[in-house]
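Below you'll find the structure, written out as structure tokens, and then a few comments.
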RNA sequence: CGGAGUGUAGCUUAGCCUGGUAAAGCGCUUGCUUCGGGAGCAAGAGAUCGGAGGUUCAAAUCCUCUCACUCCGACCA
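What follows is the structure, given as structure tokens:
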């Protein structure tokens, strides 16, 4: 993408409304604009990051056997009356009335809708297990939206729903999701920590939340320091029940709790091994048995010919929240530092002197070569001063920066620097740049 | 929902207390000079001062109501 043609309205100064680091950087980097409290428009750069994260989520979820669907944002109140949550959910649920005075709601989650789909379509234990997910917008009318996209009212979430014949099978599904969530977050360049959690309004008896550490996190976390270095297997066989159970066991062996469940009296971790930090909740998984299937009569016939209610779990990852969360966890004074896996572009190719024919032709050639190698490049071909371009490149935080300037071009060199490692700036031969960049991106 | 604040040009803000021709920096447009870390000079465009009432000869400024946004707390992917 040529920056001269790209819609990328960056800001030099910070809008007053933004108090949180990630919110400021997202506004300044032209990723989002606020439309109303807790409601945002995503501009091209932000949209790309959202897509990247969704792709990671999708890829890893599909490996577990889950299937992507998409359900409506507006749901009929009837379904929620059936489950009993219509009255329980409270003011966070945005209730709407259509022209026929029929009560609707903007879905804050979709247990009811998905249960309705499944109960109408699945009649036999032979069709189980079934795991359906969507990546879609939710609305929760938070009393107090804040922290930019991290606590919006409208947010993009991956919500998945598992349907199993019995508790044992449902627990296996839960464990697969547990492992899948670790993998997803790791693939996004994050260090996840699973915490035992309260089940909240969704209900149920088994729940973990996944948090990532960041100074500005909303919750206080107490966990064994092992969590910051524990390995997540690269090769996971989601069909192997023992293998999956073992990973979950490893990852739940050590103490980890948010402040609501932390009890210094019962916490056995010695002080020097206890990590006390702030965290951002980015995922939450629940097993809640037949909480919905019973009132909504979602049952299948069993092998012996009877009927049994489905055992269910729900599995959420805050996709839009992750954008803010990743920035909270990865930035410096100058701007964002994107992990390679979610960066909106892999490479910032900067033509320091647009208009200079030698620079232009070197930049254009390399841009075309990189692009046709399948690499996402943002070419800064704007007629701006060098300082402006470099400062904006810092702000945008693309992982690898290639700088073409008149001096370098004359000497046949190009400057290379990683955003995450600015002191390691070096010149390489212009002729090696393509090969270097392709290798670097692959790495 | 309780408490505290803020609304003036695209962004950051001054002016408000003590009423009297709406101001600056950044950004934007044009020209010249500059040109490897957010340039300089010059000339422009851009604001019914969140909205509605009221007081007054006169309201960004004072009063009343209202809307929006932000922050702290309780709640949440």
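In the working numbering, the protein residues as written are 1 to 443. Ideal placement from N, C-alpha and C gives every residue a C-beta, glycine not left out. Because the structure is a prediction, the values reported are computed rather than measured.
So, helix, strand or coil for residue i, using DSSP?
i, result
"residue 177", "helix"
"residue 26", "helix"
"residue 367", "helix"
"residue 338", "coil"
"residue 150", "helix"
"residue 135", "strand"
"residue 267", "coil"
"residue 11", "coil"
"residue 405", "coil"
"residue 187", "helix"
"residue 389", "helix"
"residue 45", "helix"
"residue 95", "strand"
"residue 360", "helix"
"residue 308", "strand"
"residue 163", "strand"
"residue 277", "strand"
"residue 83", "helix"
"residue 220", "strand"
"residue 59", "helix"
"residue 114", "helix"
"residue 331", "strand"
"residue 252", "helix"
"residue 345", "coil"
"residue 144", "coil"
"residue 282", "strand"
"residue 437", "helix"
"residue 261", "coil"
One question on the structure: do residue i and residue j come within less than 7 Å of each other, judged by their Cβ atoms?
i, j, result
"residue 406", "residue 419", "no"
"residue 208", "residue 280", "no"
"residue 152", "residue 38", "yes"
"residue 430", "residue 369", "no"
"residue 341", "residue 188", "yes"
"residue 83", "residue 295", "yes"
"residue 403", "residue 350", "yes"
"residue 346", "residue 392", "no"
"residue 5", "residue 67", "no"
"residue 134", "residue 53", "no"
"residue 106", "residue 155", "no"
"residue 110", "residue 157", "no"
"residue 222", "residue 290", "no"
"residue 174", "residue 86", "no"
"residue 409", "residue 358", "yes"
"residue 150", "residue 321", "yes"
"residue 214", "residue 328", "yes"
Please classify residue i as buried or exposed, where buried requires at least 16 other C-beta atoms within 10 Å of its C-beta.
i, result
"residue 19", "exposed"
"residue 331", "buried"
"residue 198", "exposed"
"residue 394", "buried"
"residue 108", "buried"
"residue 64", "buried"
"residue 401", "buried"
"residue 100", "exposed"
"residue 424", "exposed"
"residue 11", "exposed"
"residue 41", "exposed"
"residue 413", "buried"
"residue 36", "exposed"
"residue 389", "buried"
"residue 319", "buried"
On the premise that residue j lies in contact with residue i, defined as a C-beta separation below 8 Å, what is that separation, rounded to the nearest angstrom?
i, j, result
"residue 115", "residue 293", "7 Å"
"residue 373", "residue 416", "Actually they do not touch by this definition, with Cβ atoms about 16 Å apart."
"residue 212", "residue 195", "Residue 212 to residue 195, Cβ: 11 Å. No contact."
"residue 163", "residue 118", "5 Å"
"residue 148", "residue 23", "3 Å"
"residue 352", "residue 386", "5 Å"
"residue 224", "residue 273", "6 Å"
"residue 104", "residue 76", "6 Å"
"residue 3", "residue 379", "6 Å"
"residue 25", "residue 336", "5 Å"
"residue 251", "residue 182", "7 Å"
"residue 219", "residue 245", "27 Å between Cβ atoms; not a contact."
"residue 227", "residue 253", "Their Cβ separation, rounded to whole angstroms, is 10 Å, which puts residue 227 and residue 253 out of contact at 8 Å."
Three or more C-beta pairs below 8 Å linking the region 178 to 186 and the region 115 to 134: A contact between stretches requires three or more CB pairs, one per stretch, nearer than 8 Å, and the region 178 to 186 fails this requirement with the region 115 to 134.
Touch test, the region 357 to 366 against the region 299 to 308, Cβ-Cβ under 8 Å, three pairs minimum: no
Cβ contact check for the region 102 to 118 and the region 309 to 323: 3 or more pairs under 8 Å: yes
Contact the region 41 to 48 vs the region 26 to 33: 3+ CB pairs below 8 Å: yes
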